[in-house]
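Residue numbers (our numbering): 2 to 175.
Quick reminder that beta carbons are idealized off the backbone N, C-alpha and C, glycines included.
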């Protein structure tokens, strides 16, 4: 089996970027990404079934990726399409394989987490998702990028109450 490296490199100090997977073997083999369609809500079950199958049958699959935002799909990394087909054939809850391959740029956005602070701006309406003010809506008045904090004014309070909250506790409202 080949040894892989997935490197995360910082670009512009704010947003990390992920390099494409590379193999460290003598042969120059490149892995390919395949999207596997699953029954809705059964992605974790399929992930475990594939993992057990790959380990018991010694199928050459590099990784199986479950992405939370991608419902009904599991991403499989294999050397070629035949290996991917052998891995998924007969596995319960798999509804098929999308034709062709996924490009790395297609899933890169799911792999790199954006900082919440970079999305915040003054006068945006946010929802507080943690802490004592959980569930309340607020308006951003100030953003401190260095400390990853934001000062907000609670909209649900009877009077204007400025509160400084960790940016990870904030979610942009729709």
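In three-state terms, what does DSSP make of residue 52?
The residue given as residue 52 occupies position 51 in the chain shown. Helix.
Go to residue 111, then tell me how far its alpha helix (DSSP H) extends in each direction, as first and last residue.
By 1-based counting over the chain shown, the position of residue 111 is 110. Looking at the DSSP string, the run of the alpha helix (DSSP H) that includes residue 111 is 105-112.
Counting along the chain, where does the beta strand (DSSP E) carrying residue 35 start and finish?
As a working mapping, residue 35 is identified with position 34 in the chain shown. It spans 33-39 - the beta strand (DSSP E) in which residue 35 sits, taken as one unbroken run.
Helix or strand or just coil, what does DSSP make of residue 157?
Taking the chain shown and counting its residues from 1, one reaches residue 157 at position 156. Of the three classes helix, strand and coil, the one that applies to residue 157 here is coil, per DSSP.
For residue 139, collect the residues of the same chain with a Cβ closer than 7 Å to its Cβ; drop the 5 residues on either side in sequence, then sort them by chain order.
The count along the chain shown starts at 1 and reaches residue 139 at position 138. Hits under 7 Å: 127, 129, 153, 154, 155 and 156.
What is the DSSP secondary structure of residue 174, counted as helix, strand or coil?
Locating residue 174 in the chain shown gives position 173, where the first residue counts as 1. In the three-state DSSP reduction, residue 174 falls in the coil class, being neither helix nor strand.
Does DSSP put residue 144 in a helix, in a strand, or in coil?
Counting from one through the chain shown, the residue named residue 144 turns up at place 143. Looking at residue 144 - three-state DSSP - the assignment turns out to be strand.
Measure the beta-carbon distance from residue 68 to residue 76 and round it to whole angstroms, keeping in mind my assumption that it falls under 8 Å.
One-based indexing of the chain shown puts residue 68 at position 67. One-based indexing of the chain shown puts residue 76 at position 75. 7 Å between Cβ atoms; contact.
Identity of the residues DSSP links to residue 97 by a beta bridge:
Here residue 97 is taken as the residue at index 96 of the chain shown, counted from 1. Looking at the DSSP assignment, residue 97 forms a beta bridge with 38.
Any idea which residues DSSP pairs residue 165 with across the strands?
In the chain shown, residue 165 corresponds to position 164, counting from 1. Beta-bridge pairing links residue 165 to 152.
Could you tell me the distance, in whole angstroms, from the CA atom of residue 101 to the CA atom of residue 133?
In the chain shown, the residue the question calls residue 101 occupies position 100. In the chain shown, the residue the question calls residue 133 occupies position 132. The alpha-carbon atoms of residue 101 and residue 133 are separated by roughly 48 Å.
Please tell me whether residue 122 and residue 150 are closer than 9 Å, where the distance is taken between their beta carbons.
By 1-based counting over the chain shown, the position of residue 122 is 121. By 1-based counting over the chain shown, the position of residue 150 is 149. Cβ atoms of residue 122 and residue 150: not closer than 9 Å.
Continuous alpha helix (DSSP H) stretch holding residue 89: start and end:
Working through the chain shown from its first residue, we reach residue 89 at position 88. Where residue 89 is concerned, the enclosing alpha helix (DSSP H) stretches over 82-89.
Beta carbon of residue 39, beta carbon of residue 95: below 9 Å?
Working through the chain shown from its first residue, we reach residue 39 at position 38. Working through the chain shown from its first residue, we reach residue 95 at position 94. Cβ atoms of residue 39 and residue 95: closer than 9 Å.
Looking only at DSSP bridge pairs, what is residue 76 linked to?
Translated into the one-based positions of the chain shown, residue 76 becomes position 75. Note: residue 76 sits in a beta bridge opposite 36 and 66.
Taking the alpha carbon of residue 65 as the reference point, which residue from 87, 34 and 43 has its own alpha carbon closest?
Mapped onto the chain shown, residue 65 falls at position 64. Residue 34 is the option with its Cα nearest to residue 65.
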